[in-house]
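Residue numbers (the numbering used here): 563 to 672.
Written out as structure tokens, the structure is:
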């Protein structure tokens, strides 16, 4: 199992994505966040196909902090059932990964 994750979600507005990013970074649940968009999303929802404009949010964290990050995203997300997924980071420069570990350290053993 990898120690590092890229976590993804999306929002309807840039402002909503920034608010989630700023909370996650401020709470030290993620070391970095990238707001990308707008992007076009094609999806199946409520029995029909839809297309919409969204803002993608990527966050970088450790597996140790993932559960707290996921809970914070779900609690603060404007949608009732948002996508929150995590992809393992299988490799990275040692300095970058060390920085990420330090960025999400909260002083309580995480």
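Even glycine gets a Cβ: it sits at the ideal position worked out from N, Cα and C. In this text the structure is predicted, and so the values were computed from the model without any measurement.
Given residue 605, which residues of its chain have a CB within under 7 Å of its CB, disregarding the five upstream and five downstream residues?
Same-chain partners within the cutoff: 612.
If I measure Cβ to Cβ from residue 644 and keep anything under 6 Å in the same chain, skipping five residues before and after, which residues do I get?
Only 571 meet the Cβ criterion.
Could you pull the start and end residues of the beta strand (DSSP E) that residue 614 belongs to?
That run of the beta strand (DSSP E) goes 610 to 624.
So what's residue 654 in DSSP terms, helix, strand or just coil?
Residue 654 falls in the coil class under three-state DSSP.
Which value, in whole angstroms, describes the spacing of the CA atoms of residue 628 and residue 668?
Spanning the two alpha carbons is a distance of roughly 13 Å.
Using the Cβ count rule (16 or more neighbours within 10 Å means buried), how would you classify residue 631?
With 16 or more other Cβ atoms within 10 Å, it is buried.
Where do the ends of the beta strand (DSSP E) carrying residue 667 lie?
From DSSP, residue 667 is part of no beta strand (DSSP E); its letter is neither H nor E.
Alpha carbon to alpha carbon, how far is residue 603 from residue 616? Give it in angstroms, no decimals.
If you take the alpha carbons of residue 616 and residue 603, they lie about 7 Å apart.
Might you give, ordered along the chain, the residues of its own chain that have their beta carbon closer than 6 Å to the beta carbon of residue 573, omitting 5 neighbours on each side?
Excluding positions up to five away in sequence, the list reads 579, 617.
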